[in-house]
Structures are given as C-alpha cells and as structure tokens.
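One structure below.
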Amino acid sequence: MAERKVYGAPLSTATMRAVACLYEKDLDFEFVQVDMRAGAHKQEPFISLNPFGQVPAYQEGDATFFESRAISKSIAYKYLDKGTQLLGKSPEESAQVGVWTEVEAHQFDPPASKLLFECLFKPKFIGTPTDEAVVAENEAKLGKVLDVYEARLAKSKYLAGPDFSLADLHHLPVIHVLLKVPRVAALFTSREHVNAWVKDITSRPAWRKLVDTYNF
Amino acid sequence: MVVKLHGPGFAAGPRRVAVCLFEKEVEFELINVDLFSGEHKNPDFLQLQPFGLVPVIQDGDLTLFESRAILRYCSEKYTGQGTELHGKTIEERALVEQWLEVESHNFNAPALSLVFQLMYASKLGIPQNEEEIKSSEEKLNKVLDVYEERLSKSKYLGGDFFSLADLTHLPLIHYLVHDCGKESLVKSRQHVSLWWEDISSRPSWKKVLELK
C-alpha cells in the first residue's frame, strides 16, 4: 500500500494545493481520482474520509486528514527537513507565514473563488451565463486585496519574508486558473510587484511539474 | 513586556485572541479600536493592519494580524505555559489544524452571515435579508450535523483534549446562542450541546465576557 495517498480531482484547486505541497517536499504519493461529476465525493467510500464531502482527503499510513491547508501544513511540518522548507526560516518569518496563510484563506480566497466560479466554472460545467454584477463586485474586492499585496511585495520578496513558503504556495492553484481569464489576469499583471511575484512562483519547477502531470 | 491586543472587547476576532491569551496565561493590554467611528480605516491603524480589520497584536517588535494566525503563534510561543492548545504529537497537531480549517472554511461564513443579519443589520439600518438568513441557517445546520457525529466519537474536535480547534468557535457560537435567538442550533444536538456547555464554562471564556 502506498504510504501517502491523495484523494481528489485534477480540476479541484484545493486538491492541487495539497499536491503542490507534496511536490515541493519531493514526496512520493498515490493520486486516487474521485469522480466528482458522478457525485462520488458526497457518498461512500469518500465521505468516510471527509464527512464534509469535499476534496481533497489525504491518507498517510493509518491517519486520514482533510482540508487542503491543514494537509499542506501537516506535510510541511512533518517533513521539515525534506525538499523545500515551507514554514519560514526564522521565528519572525514563521509567524508571518501564519499571518499570510490566513490572509489567503480569508481575504484572497473568497473573491477569487467567486470569480473562478462565475468566469470559468459556470460557463464550462454548468452552462449558465456569467453574472456580470457578481464579477464586477468581486473584481473590485480582489483588486483591494491585491493593492495590499502590492505594498507588501514591494518590501518583501515573498509574502512571509525573504523565503518562499506555504503563504505563497497556497495561492498557486487559484492564481493559475484565474490567469486564464484575461480581465482577471489583468488584476495581477497590472501591479508591478504582484506580477513579478506571480511569475516567480508559477515558474517554480515543482509547480511546472504539477501543471504538466495533471494537465491543470 | 505586555502583549498589546488592538480591537474592541465585544468583537469576535479580538475575543478569539483574548480567550487564547487567557488560556496561555499571557498578560495583555486591550487597546480599543472604535469600529463605529471607522477608526480601523484610519491611516494610523492601516499601518498596523493593512486590510483595516481587527484584531492586531503587538508582542515586543512583532506585529501580527488574522486572529487564527495569532492563535497558532501564541500556542507555539507560549508552549509549556498555561493550557497546551495544539496537541502533543505531530498527528494530534494535524487534527487540530484540520478542525481549525473546518471552522474557517465551513463554519465561519454561514455563522458570521447569521450573526451579521440577526445582530447587526438593524443597528446599521440595513433591512434583514430573509433569503440569506434561511440559506445560512441551512448551511450551518449541515455543518453542525457533522460536528454532532464527530463529537459523539471524540470529546473535543481535535481529539480528547481541548485545543485551538474548539476555542476558535467560542465567539460566534456565543453570539448565536445569546444574542441571535439561535440556541436551538446547539441545544438540538446532544453532543454539540455538551461540548458547548463544557467549552463555554471555561474560566478563560468567562473572563473574555467581562472585558470592556
């Protein structure tokens, strides 16, 4: 039996968040595809892995975990000395990793996810028209968040400090997908330091390997 | 040096941090931020917290924001003092993290929406959105069904020990039960109810409710 298993789907940004961490840490794992279109994530056997019926779930030996950001943290912590160190290289930087992972979850992700849903998911998988009002509202919200990022990244190479960390990694899947929508991509490319940061983190070898492997 | 906690004593985020500081027996000074007059959007405050939100802490030279980041930092820094809040092994810690994420991503949004609609909308002169209330309550009920199942097998969310995963829920559940008339969300679920009785009667939480 594989020591580590990820249960999820390649089209799920949350699944790719967990996978990105495993790639940065240079860890082998088995990817078990969950057929979300058939609703497999809301039924057994998956629901025993995550009672919330959400991907991904992660198994290591006998232990099962869910929530992509908890999975990435536990991997980053357990395998501290393997692959890229993702938790900050000083006590100050580690505390900032904590801050900026929360910022990603609570400030960045809500408007970003809504844009993803309206601009990509709806037309592609549901076939209903994009709600322009929702898009405009969330572009404005995301723009304000990215203004804060711009100021931060003007003073700090990565969000938590001089080193790439989970705080940056957690953004990768959603940014990667949003860059496919020209009007949303412009929010990132029009801000000098955000643009440089996006180019930097999306060209990391581990991320490129994930994109190629999963056709993400 | 005393930790400075910026934020009003009644707000959820500052309360979340305050209860943690009490559990860890860390002395702190509460510095009020007048949300109703927009103090949190002033340039001075934005220097501390660029998103214009509370809470923020200052611990010596370190300034930190996002309440759950502050929880983790305190738990880590003051390990060995007060209550241990993140588990003793890597596996225990991973479970604490998991349920902290559950609170952030499954519980927080519908709970916050209900609290905003039922506690604050009228105070701010905004009509209540019945659709939103109904939809949030439905979501929250589904989430609490999962909590009921979890707590029937585990004394606390992260395991058999009180941790950050339980503590993080105190502020919003308190509002729902005491200020929103939504006690039934908790009381209708045997294990959630017992868990709530347990965590909300901790001395640290009682001290938070006395903060001005």
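Line order of the protein sequences matches chains A and B. Just so it is clear: in the first sequence, position 29 is 422 by my numbering, and no numbers are missing. Just so it is clear: in the second sequence, position 129 is 1284 by my numbering, and no numbers are missing. Beta carbons: idealized from backbone N, C-alpha and C, even for Gly.
Under the Cβ distance rule, P504 (chain A) does not count among the residues neighbouring chain B, no pair being separated by less than 8 Å.
In this structure, the CA atom of L442 (chain A) is about 18 Å from the CA atom of T406 (chain A). Note that the C-beta distance between Y1228 (chain B) and L1240 (chain B) is not below 8 Å.
A Cβ-Cβ separation of about 7 Å places L1325 (chain B) in contact with R1171 (chain B) under the 8 Å criterion.
Beta-bridge analysis with DSSP links L1217 (chain B) to B:D1214.
In the three-state scheme derived from DSSP, where H, G and I count as helix and E and B as strand, E453 (chain A) is classed as strand. Closest option to E532 (chain A), judged by alpha-carbon separation, among A:K517, A:P575, A:T457, A:V490: A:P575.
Looking at the DSSP output, R397 (chain A) bridges to A:E453. Counting only unbroken stretches of 4 or more residues, the alpha helix (DSSP H) elements lying wholly within the segment 446-491 of chain A are 461-471, in sequence order.
Not flagged as an interface residue toward chain A: F1262 (chain B), since no C-beta distance is shorter than 8 Å.
For the options B:E1303, B:V1270, B:S1291, B:A1167, the alpha carbon positioned closest to that of E1221 (chain B) is the one of B:A1167. DSSP places H434 (chain A) in the helix class (H, G or I) of the three-state scheme. Here S596 (chain A) is exposed: its Cβ has fewer than 16 other Cβ atoms, across all protein chains shown, within 10 Å. When the beta-carbon positions are compared, V1257 (chain B) and E460 (chain A) come within less than 8 Å of each other.
Within the segment 1230-1241 of chain B, those residues whose Cβ lies closer than 9 Å to any Cβ of chain A are, in chain order, E1231, K1232.
Interface annotation for the segment 444-464 of chain A against chain B: P444, F445, A456, F458, F459, E460, R462, A463, criterion Cβ-Cβ distance under 7 Å.
When rounded, the separation of the alpha-carbon atoms in V591 (chain A) and E1338 (chain B) is 46 Å.
Within the segment 470-499 of chain A, the residues whose Cβ lies closer than 9 Å to any Cβ of chain B are, in chain order, Y470, K471, P484, E485, S487, A488, Q489, V490, G491, V492, W493, T494, E495, V496, A498, H499. Put simply, the CB of I1212 (chain B) is far from chain A, with every gap to its CB atoms at 8 Å or more. The straight-line gap separating the alpha-carbon atoms of E1286 (chain B) and V1270 (chain B) is approximately 14 Å. Taking the Cα positions, S1309 (chain B) is about 19 Å away from A463 (chain A).
Residue range 575-582 is occupied by the alpha helix (DSSP H) that includes F581 (chain A). Going by DSSP, L1327 (chain B) is part of the alpha helix (DSSP H) stretching over 1325-1333. Within its own chain, the residues whose Cβ lies closer than 7 Å to the Cβ of K507 (chain A), once the five positions on either side in sequence are excluded, are V527, N531, listed in chain order. Residue nearest to H1346 (chain B) within the set B:D1321, B:L1306, B:S1355, B:I1354 is B:L1306 (criterion: CA-CA distance). DSSP, reduced to helix, strand and coil, places V1172 (chain B) within a helical segment of the structure shown. Contact check between the segment 564-580 of chain A and the segment 425-441 of chain A: fewer than three CB pairs, one atom from each, fall below 8 Å, which does not count as touching. Just so you know, the alpha carbons of A1266 (chain B) and L509 (chain A) end up roughly 24 Å apart.
Secondary-structure assignment with DSSP links Q426 (chain A) through a beta bridge to A:G401.
Just measuring C-alpha positions, the residue of A:R601, A:A553, A:A547 sitting nearest L565 (chain A) is A:R601.
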